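> Okay, handing you the structure first.
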């Protein structure tokens, strides 16, 4: 597995074990530490960051591995979230259990992914970008307007009082006492989301080194050549789309259960762009990079919200630029600058970096070392 | 459905379609030459409208006659947009000309986000009333209503499109543009300065966008920082519908899309038994886009788009 440091794969080495255990401990202790140091609000932010990482990893399959630019990814997130919301809230009086609703949402998102992908995937990449963008808008417009004459989605008001995530008789919506520790709802969600994120990371890692993963990357690099090598490009691309959509749908269900409220506002183009930014800035096709991008971009707006206002107050005596537009402005600039300066992202995979700056001497160097070692 | 309402929908569709056609031309010209979707084009339309808004407010307050103000604000908007188009190409596209396809697309998205948010910071989040500079007394035409603004929009669009066709097919510059679109390296060998041709193409497209921006704002009487993105998407749809890279296709596609939208929004209520209403207007363009891509990816007038190896 090329993305994992070699030492991690050979746990016999003590340093690797230490690093691994330390990381696990930090992740386990994180909610309690942030709760004590920064306040309960930041635990909630950490929960959202994990959701975003899941989404970014899902999109990474589509954009990073298969090289298909999807600008409407949030639509799948919306499908999952609304599926959970409609089947687990007073909206229709249905209160189906978590174990039914979440897979159903993921499945539905997968179906939507295939429906969207099938007609468009035989076309060139930039058409796909526009169609997915349009698809995202279509979903949002429908969610916004399906409240009359038959009220299905409750329109712009959204659906509230969604059932909390409940595993067996254990509801994540309330505080629990376990082993002498008090676990508030946000902490419980944190652990659930952490598990899900780790699962997504694991699946991504395994996919990356599988036959399918290699086929995706072959298509990304050169579709015609990939086809000539016997890859059924249409099916494999469709699979990437379906798989990305499935992850998006599952994350959507978790989002609905955690938030207790969904409205079309949460699923705009801005969100799609934000998730895309995470993938692109972090490093397309590299799991570590994508996770880094997710963490950075999930925390950045919060930092701006808490930092930009007061700083402007101090400098100019009033708030000139509201943090929201400042955030988007920075995202836009970051997209441009990263593409121009570090086209492979902040933390690219070794292989990808090699491809993108092939004439920068990196390949030459590597070849040299190969020849050196063969001497 | 009464005939006068049908006629009204057709007139509205033609007016809206002329605007789509002008914006679609910008997409199609850039695509024809670079093979690139200029994602930021919709925002250029918005900037054109906003600049015209500010200039006209300023000049009207100074007491100039409305027609002169309209002309001056048009000139200002065109100048700013041409500069903007030039800048976008230089900063976001030119350095990436030999990069993987995804790269310029992502910078384009970046540019459009930046422009949108800069506009929001400059002009605020609110809807601005666009000053009325043409007399807009309604004329009754066989039961349908049309005003001077709408007539002007259709006429100006026709004039601009004719001018563009003449430019591309009758002048030296136009020949250079067609040569670059056909084969950039061969054109360069023949002594065509590719970079300046590309810059000029961007500037021409942006000038058309500025004109379109003023048209939209004058027609609806409002300007808003967010008006560009959905308009841009629809215009892109129009370009694809007509056959991207093809100038006449963009014009035809724009007019058709305008008609489809206005007729669709007008009749969907009756067709679906009142289940869907005209609030689904924005959805039509996307369904048209998907349908075209499925059934005739090369568009109505386009040549077959081959997979680039």
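Residue numbers (the numbering used here), protein chains in the order written: chain A, 1 to 375; chain B, 1 to 309.
For every residue, glycine included, the Cβ atom is placed at its ideal position computed from N, Cα and C.
Model, not experiment: these values are computed from the prediction.
#1: Residue 219(A) and residue 228(A) - do their beta-carbons sit closer together than 8 Å?
#2: Using the Cβ count rule (16 or more neighbours within 10 Å means buried), how would you classify residue 163(A)?
#3: Helix, strand or coil: how does DSSP classify residue 16(A) here?
#4: With a Cβ-Cβ cutoff of 8 Å, do residue 258(B) and residue 249(B) count as a contact?
#5: Less than 8 Å between C-beta atoms, sequence neighbours within five positions excluded: which residues of the same chain meet that for residue 76(B)?
#6: First and last residue of the alpha helix (DSSP H) that includes residue 384(A)?
#7: Is any beta-carbon of chain B found at less than 8 Å from that of residue 348(A)?
#8: Just to make sure I have the definition right: I need the residues of chain B whose C-beta is within less than 9 Å of the C-beta of residue 328(A). Which are they?
#9: Could you check whether the Cβ of residue 201(B) sits closer than 8 Å to any Cβ belonging to chain A?
#10: Would you call the segment 4 to 15 of chain B in contact with the segment 168 to 175 of chain B, where contact means no fewer than 3 C-beta pairs closer than 8 Å?
#11: Do the segment 267 to 276 of chain A and the segment 17 to 25 of chain A touch if we need at least three Cβ pairs shorter than 8 Å?
#12: May I ask you to list the residues that DSSP assigns as paired with residue 140(B)?
#13: When DSSP labels each residue in this structure, what does residue 10(B) get in the three-state scheme?
#14: In whole angstroms, what separates the C-alpha of residue 116(A) from that of residue 133(B)?
#15: If I measure Cβ to Cβ from residue 116(B) and keep anything under 8 Å in the same chain, skipping five residues before and after, which residues do I get?
#16: How many angstroms separate the CA atom of residue 119(A) from the CA atom of residue 242(A)?
#17: Under a CB-based cut-off of 8 Å, is residue 250(B) close to chain A?
#18: Does residue 177(A) come out as helix, strand or coil in the three-state DSSP assignment?
#19: DSSP has residue 159(A) in a bridge; who is on the other side?
#20: How big is the Cα-Cα spacing for residue 2(B) and residue 262(B)?
#21: How would you list, in chain order, the residues of chain B whose beta-carbon sits under 8 Å from the beta-carbon of residue 335(A)?
#22: So residue 154(A) and residue 91(A) are in contact, right, with Cβ under 8 Å, and what is the actual spacing, rounded?
#23: Who are the near neighbours of residue 187(A) in its chain, counting only those whose CB is closer than 6 Å to its CB and skipping five residues on each side?
#24: Looking at residue 238(A): is its Cβ nearer than 8 Å to the Cβ of residue 114(A)?
#25: Rounded to a whole number of angstroms, what is the C-alpha to C-alpha distance between residue 201(A) and residue 43(A)?
#26: Once DSSP output is grouped into helix, strand and coil, what is the label at residue 302(B)?
#27: At the 8 Å Cβ level, is residue 65(A) part of the contact set with chain B, yes or no?
#28: Any residues in the segment 286 to 301 of chain B with a beta carbon nearer than 7 Å to a beta carbon of chain A? Which ones, in chain order?
#29: What are the boundary residues of the alpha helix (DSSP H) that residue 165(A) is part of?
#30: Please report whether the beta-carbon of residue 129(A) lies at a distance below 8 Å from any beta-carbon of chain B.
#31: I'd like the list of long-range same chain contacts for residue 123(B), defined as Cβ closer than 7 Å, with 5 residues on each side in sequence excluded.
#32: Could you tell me the distance, in whole angstroms, from the CA atom of residue 358(A) to the CA atom of residue 350(A)?
#33: Would you mind telling me which residues of chain B sit closer than 8 Å to residue 273(A), beta carbon to beta carbon, in chain order?
#34: Go through its chain and collect everything with a Cβ distance to residue 137(B)'s Cβ below 8 Å, but skip five positions before and after it.
#35: Which of the three DSSP states is assigned to residue 373(A) in this structure?
#36: Is it the case that the segment 61 to 79 of chain B contacts the segment 183 to 200 of chain B, given that we only count it when at least three CB pairs across the two stretches are under 8 Å?
On the basis of the coordinates in this document:
#1: Against a cut-off of 8 Å, the Cβ pair of residue 219(A) and residue 228(A) comes out as no contact.
#2: Buried: at least 16 other Cβ atoms inside 10 Å.
#3: Looking at residue 16(A) - three-state DSSP - the assignment turns out to be helix.
#4: No, Cβ-Cβ distance for residue 258(B) and residue 249(B) is not below 8 Å.
#5: Result list for residue 76(B): 51, 52, 55, in chain order.
#6: Residue 384(A) falls outside the range modelled here, since chain A spans only 1 to 375, and no answer is possible.
#7: Residue 348(A) does not count as touching chain B.
#8: What residue 328(A) touches in chain B: 113, 114, 116, 117, 120.
#9: The C-beta of residue 201(B) comes no closer than 8 Å to any C-beta of chain A.
#10: Not touching, per the Cβ criterion.
#11: Judged by Cβ distances under 8 Å, the segment 267 to 276 of chain A makes no contact with the segment 17 to 25 of chain A, as fewer than three pairs qualify.
#12: Paired residue(s): 145(B).
#13: Helix at residue 10(B).
#14: Approximately 45 Å between the Cα atoms of the pair.
#15: Hits under 8 Å: 43, 46, 225, 226, 228, 229.
#16: Their Cα atoms are separated by approximately 13 Å.
#17: Closer than 8 Å: no.
#18: Reduced to three states, the DSSP call for residue 177(A) is strand.
#19: Partner residues in the beta bridge of residue 159(A), as assigned by DSSP, are 262(A).
#20: Distance between the alpha carbons of residue 2(B) and residue 262(B) is about 15 Å.
#21: For residue 335(A), the C-beta contacts it makes with chain B under 8 Å involve 106, 107, 109, 110, 113, in order along the chain.
#22: Confirmed, Cβ separation roughly 6 Å.
#23: Around residue 187(A): 31.
#24: The Cβ-Cβ distance between residue 238(A) and residue 114(A) falls below 8 Å.
#25: Straight through space, the alpha carbons of residue 43(A) and residue 201(A) are spaced by roughly 21 Å.
#26: Here residue 302(B) carries a coil assignment [DSSP, helix/strand/coil].
#27: Using a CB distance cut-off of 8 Å, residue 65(A) does not count as an interface residue toward chain B.
#28: The segment 286 to 301 of chain B vs chain A, Cβ under 7 Å: 286, 289, 290, 293, 294, 297.
#29: Premise fails: residue 165(A) is in no alpha helix (DSSP H) and is neither H nor E.
#30: Yes, because at least one Cβ of chain B sits closer than 8 Å to the Cβ of residue 129(A).
#31: 50, 225, listed in sequence order.
#32: The pLDDT assigned to residue 358(A) is 49, lower than 50, so where the model puts this residue is not dependable; a value taken from the coordinates is nonetheless given after this. Rounded to the nearest angstrom, the two C-alpha atoms are 12 Å apart.
#33: Within 8 Å Cβ-Cβ: 109, 113.
#34: When the five nearest sequence neighbours on each side are left out, the beta carbons in the same chain lying within less than 8 Å of the beta carbon of residue 137(B) are those of 147, 148, in order along the chain.
#35: Confidence at residue 373(A) is low in this model, with a pLDDT of 36, below 50, so the placement of that residue should be treated as unreliable; the coordinate-derived value is given next. Three-state result, residue 373(A): helix.
#36: Contact fails: fewer than three Cβ-Cβ distances are below 8 Å.
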